[in-house]
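Residue numbers for the sequence shown follow the working numbering, beginning at 1374 and rising by one. No residue lacks a Cβ here, since even glycine has one placed at the ideal position from N, Cα and C. Structure, as structure tokens:
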Amino acid sequence: MCGIVGAVGLISPKEYVFKGLKMLDYRGYDSAGVAYFNSGIKIYKDVGSVEHLLTIVPEEIKTNIMIGHTRWATHGSPTKLNTHPHISFNQRICLVHNGVIENYVELKKFLLGKNYSFYGETDSEVVANLLEYYYLEYGDIIETIKKVMSEIKGSYAITFFTDDIKDTLYVLKNASPLVVGLGKGFNLVASDASPMIEYTNEFIELEDKEFGYITNDKVAIFNKAGKPIDKQAIHKDVELISHDLKGYPHYMLKEIEEIPQTVNRLINTYFQKGKYQFDKNLLKDLEESDHIIFIACGTSYHAGLVGGRYLEKYNKSTSRFIASEWAFHPTYPGAKPFIIMISQSGETADLIHCLKIVKEHNLKNLIITNTGGSTLDRNCMYSLLLHSGVEVSVASTKAYVAQVTLLAMLAGALGNDKQVVEDLRNCLDVVHGIQDHYKPLIMKVAEEIKDKKSVFFLGRSFDYFLSLEASLKLKEISYIHSEAIPGGELKHGPIALIEKGIPVIVFITDPDTASSMRGNIEEVKTRGAKVYTIATKSLYRSEDTMMVEDYAYYLSSVAIASIAFYLAYYVALAKGLNVDKPRNLAKSVTVE
Ligand code: M6R
């Protein structure tokens, strides 16, 4: 789950590499490092942020080749020695790696037997040494890469340079993304396109088991047999992958505030001239399927819970699974199951594992993702893009709302129900109302709960699904323990945890369950809880905390999710925490 950047031939590779590392530190931020060539291989690396790294590298760096890495530790603790770039025993190969080499222990044993020694604990250092070992034996770098790729098992995106070919970066890839950016007089590489957009919008995405090299004026890519292949460059939309904070203090706040434009863009993309705009074959396959299985992780799983309910409204039978659960015990009932996967990043390892199983069983499948060109986008049978613009903050916000919006529209298309679009449009007023009027109130609530040990969210049906997301968001960035409980389950156990002063946040937006929710409020109040109620206008009571305009209640995750997101944001802010980069997490979970 690390970030990789590399440049050859730029006037200032340092500028590109550092800007790129800052953009990519959403992929991991335990430690960071860079390496370049200037009368020998120079490496600067340390535990901590990219900003810290900048303070330890020389001001002026004269080089035409540089690689950089920002790390989320998997093998080996986040220490300086384990930080990338890694250099081989005889100082011949310098690399950065993203992924996990599954057989690194055996490879390390092999190298130890050849008198190699290691300074750190990482699988990546083993690959640097394996490259060197075969390079010294073969004297040919392409043969070396082929040999190493035939020996290493697992996931990798690697870029490296040698001490003797000073104008070339080598790239190799399997099950971890790696993109080459094409420039004039320079070429770039990175784990995704975003760091490169300031320099180019022409990219080549490497497929699994492909490798190659880049110089300032040449890009050569080979298949696993070592045959050169002609890869088509793709053009990427600059605006949608821009990392500009646009004056906001944090990406999370910016991304919450982008929710209305995200919903609007989806409506305009998937509903035009009074008609839904979905691939007809996709709709046909969904119609003909007898069971639809949603698979996702984290926030995307929460969107899947909502989506499943939407399809059931139009008589589809559905089930929903967390990817890492389904991967090991896959079930697909019915004669014609259809798999819907949801992933903001399109790179989540647990889902990629599931896709392998889906393909082995020839199951029809769709990915809903925000990341065009990602592994899941490229490899699923159908793909629907969220068009939300890059989401940088680790805590997913606008992408969740986009996922639910798209699922509502897809269900609407299947049920031939255009009212969904109207209902979505009405949500926009509710979201604007929250943005314009409720932030000070949410900040006040945030101040009140910031020092609490535990927070509970209560809701039923769609409000319960939203509660799950609200709870995840709060714990992710404020480190407060929190739980979401369906109102009806309270008495079946969780009420034992309710004690004096504990905050309980209640969503009441569903007319059918509103009076039961009022009952739940009484139950927790009697036990001393401090209740904060968010209710829609027609269900509002004067003692409630917040009244939002009415909307079609099945769209809670579109209309009022921002309340939950602002709350998590302001609590983390009040606690002085790193909102966009919470501890232990990474934006893209590319290891299982
Ligand atoms: O990229 P994905 O949607 O597949 O990621 C799934 C989860 O890792 C992700 O939603 C995670 O839960 C977020 N940090 C939530 O804010």
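Exercise. Which of the three DSSP states, helix, strand or coil, is assigned to residue 1967?
Worked result: Absent from the model: residue 1967. The displayed extent of the chain is 1374 to 1965, so no value can be given.
Problem set entry | beta-carbon residue 1673 near ligand 1 non-hydrogen atom, thresh 6 angstroms | Along the sequence shown, one-based indexing puts residue 1673 at 300. Yes, the beta carbon of residue 1673 sits closer than 6 angstroms to at least one heavy atom of ligand 1.
Exercise. Measuring from the CB of residue 1375, is there a heavy atom of ligand 1 at a distance below 6 angstroms?
Worked result: By one-based count along the sequence shown, residue 1375 stands at place 2. No.
For this session: Could you work out which residue in 1881, 1459 and 1858 is closest to residue 1929 when comparing CA atoms only?
Result: Start at 1 with the first residue of the sequence shown, and residue 1929 comes out as number 556. Ranking the options by Cα distance to residue 1929, first place goes to 1881.
Problem set entry | Within the segment 1490-1556, ranges of the beta strand (DSSP E) (whole runs, at least 3 residues) | 1529-1535, 1542-1547 and 1552-1555
Exercise. Is the distance from the Cβ of residue 1595 to the Cβ of residue 1584 below 7 angstroms?
Worked result: Walking along the sequence shown from the start, residue 1595 turns up at place 222. Walking along the sequence shown from the start, residue 1584 turns up at place 211. Their beta carbons are under 7 angstroms apart, which means residue 1595 touches residue 1584 by this criterion.
Exercise. Name the DSSP beta bridge partners of residue 1596, please?
Worked result: For the purposes of this step, residue 1596 is taken as residue 223 along the sequence shown, with counting starting at 1. None; residue 1596 has no bridge partner.
Exercise. Taking the continuous beta strand (DSSP E) assigned at residue 1939, which residues delimit it?
Worked result: Taking the first residue of the sequence shown as 1, we reach residue 1939 at position 566. Element bounds for residue 1939: not the beta strand (DSSP E) but the alpha helix (DSSP H), 1934-1947.
Problem set entry | For residue 1731 and residue 1754, the rounded distance between their alpha carbons | Along the sequence shown, one-based indexing puts residue 1754 at 381. Along the sequence shown, one-based indexing puts residue 1731 at 358. Approximately 10 angstroms, taken between the alpha carbons.
Problem set entry | 3 or more residues per run - each beta strand (DSSP E) lying fully within the segment 1781-1849 | 1827-1832
For this session: Take residue 1521 as the anchor and find which of 1488, 1474 and 1536 has the nearest alpha-carbon.
Result: On the sequence shown, position 148 is the one that residue 1521 refers to. Checked all of 1488, 1474 and 1536; the closest Cα to residue 1521 is 1474.
Exercise. Given 8 angstroms as the limit, is there contact between the segment 1483-1490 and the segment 1428-1447, that is, 3 or more CB pairs closer than that?
Worked result: no
Exercise. When the distance is taken between beta carbons, is residue 1532 closer than 7 angstroms to residue 1629?
Worked result: By 1-based counting over the sequence shown, the position of residue 1629 is 256. By 1-based counting over the sequence shown, the position of residue 1532 is 159. Not in contact: residue 1629 and residue 1532 (Cβ atoms no closer than 7 angstroms).
Exercise. Can the beta-carbon of residue 1932 be found closer than 7 angstroms to that of residue 1803?
Worked result: Numbered from 1 along the sequence shown, position 559 holds the residue referred to as residue 1932. Numbered from 1 along the sequence shown, position 430 holds the residue referred to as residue 1803. Their beta carbons are under 7 angstroms apart, which means residue 1932 touches residue 1803 by this criterion.
Exercise. With respect to 6 angstroms, is the separation between the Cβ of residue 1952 and the closest non-hydrogen atom of ligand 1 below this value?
Worked result: Stepping through the sequence shown from its first residue, residue 1952 is reached at position 579. It does not: the Cβ of residue 1952 is nowhere closer than 6 angstroms to a heavy atom of ligand 1.
Exercise. Between the segment 1764-1783 and the segment 1941-1955, are three or more C-beta pairs nearer than 8 angstroms?
Worked result: yes
Exercise. With a CB to CB cut of under 6 angstroms and the five nearest residues on each side skipped, what residues in its chain are close to residue 1925?
Worked result: Translated into the one-based positions of the sequence shown, residue 1925 becomes position 552. Within the same chain, residue 1925 has close Cβ partners 1796.
Exercise. For residue 1471, which of helix, strand or coil comes out of DSSP?
Worked result: Position 98 of the sequence shown, counted from the first residue, corresponds to residue 1471. DSSP places residue 1471 in strand when its eight states are reduced to three.
For this session: Can you tell me which of 1817, 1875 and 1957 puts its alpha carbon nearest to the alpha carbon of residue 1941?
Result: As a working mapping, residue 1941 is identified with position 568 in the sequence shown. The shortest C-alpha separation from residue 1941 is found at 1817.
For this session: Provide the residue(s) that pair with residue 1437 in DSSP beta bridges, ordered along the chain.
Result: Locating residue 1437 in the sequence shown gives position 64, where the first residue counts as 1. Looking at the DSSP assignment, residue 1437 forms no beta bridge with any residue, so it has no partner.
Problem set entry | Under the three-state DSSP convention, the category residue 1913 falls into | For the purposes of this step, residue 1913 is taken as residue 540 along the sequence shown, with counting starting at 1. The answer is coil: DSSP assigns residue 1913 none of H, G, I, E or B.
Exercise. Which residues does DSSP pair with residue 1459 in a beta bridge?
Worked result: The count along the sequence shown starts at 1 and reaches residue 1459 at position 86. BP columns for residue 1459 point to 1468.
For this session: Pick helix, strand or coil for residue 1425, following the three-state DSSP scheme.
Result: Counting from 1 along the sequence shown, the entry for residue 1425 is found at position 52. Residue state, collapsed to three classes: helix.
Exercise. Should residue 1834 be counted as a contact of ligand 1 given a C-beta to heavy atom distance under 6 angstroms?
Worked result: Taking the first residue of the sequence shown as position 1, residue 1834 is located at position 461. Outside the cutoff, so no.
Exercise. Buried or exposed: residue 1425, going by 16 or more other Cβ atoms within 10 Å of its Cβ?
Worked result: On the sequence shown, position 52 is the one that residue 1425 refers to. Residue 1425 should be labelled exposed.
Exercise. Taking residue 1398 as the reference, which of 1383, 1445, 1866 and 1388 has the closest Cα?
Worked result: If you number the sequence shown from 1, residue 1398 lands on position 25. Residue 1445 is the option with its Cα nearest to residue 1398.
Problem set entry | Three-way DSSP call (helix, strand, coil) for residue 1420 in this model | On the sequence shown, residue 1420 is found 47 positions in, with the first residue counted as 1. The answer is strand: DSSP assigns residue 1420 an E or B state.
For this session: Report yes if the C-beta distance between residue 1469 and residue 1632 is below 7 angstroms; otherwise report no.
Result: Here residue 1469 is taken as the residue at index 96 of the sequence shown, counted from 1. Here residue 1632 is taken as the residue at index 259 of the sequence shown, counted from 1. Going by C-beta atoms, residue 1469 is not nearer than 7 angstroms to residue 1632.
Problem set entry | Within 7 angstroms, strictly: CB atoms of residue 1718 and residue 1961 | Translated into the one-based positions of the sequence shown, residue 1718 becomes position 345. Translated into the one-based positions of the sequence shown, residue 1961 becomes position 588. Yes, these two residues count as a Cβ contact at 7 angstroms.
Problem set entry | Exposure label - residue 1899; buried when at least 16 CB within 10 Å | Within the sequence shown, numbered from 1, the residue matching residue 1899 stands at position 526. Classification for residue 1899: exposed.
For this session: Go through the segment 1622-1707 residue by residue and report every complete run of the alpha helix (DSSP H) that reaches 4 residues or more, in order.
Result: 1624-1630, 1632-1643, 1653-1661, 1671-1686 and 1696-1699
For this session: With hydrogens ignored, establish whether the beta-carbon of residue 1721 is closer than 6 angstroms to any heavy atom of ligand 1.
Result: Counting from one through the sequence shown, the residue named residue 1721 turns up at place 348. At least one heavy atom of ligand 1 is nearer than 6 angstroms to the Cβ of residue 1721, so yes.
For this session: Decide yes or no for the touch test of the segment 1658-1667 against the segment 1817-1833: beta carbon pairs closer than 8 angstroms, at least 3 of them.
Result: no
Problem set entry | residue 1937 Cβ short of 6 angstroms to ligand 1 heavy atom set | Position 564 of the sequence shown, counting from 1, holds the residue named residue 1937. Not under cutoff, so the answer is no.
For this session: Give me the Cα-Cα distance between residue 1710 and residue 1704, rounded to the nearest whole angstrom.
Result: By one-based count along the sequence shown, residue 1710 stands at place 337. By one-based count along the sequence shown, residue 1704 stands at place 331. Approximately 10 angstroms between the Cα atoms of the pair.
Exercise. Relative to ligand 1, is the shortest distance from any of its heavy atoms to the C-beta of residue 1461 smaller than 6 angstroms?
Worked result: Looking up residue 1461 in the sequence shown gives position 88. No.
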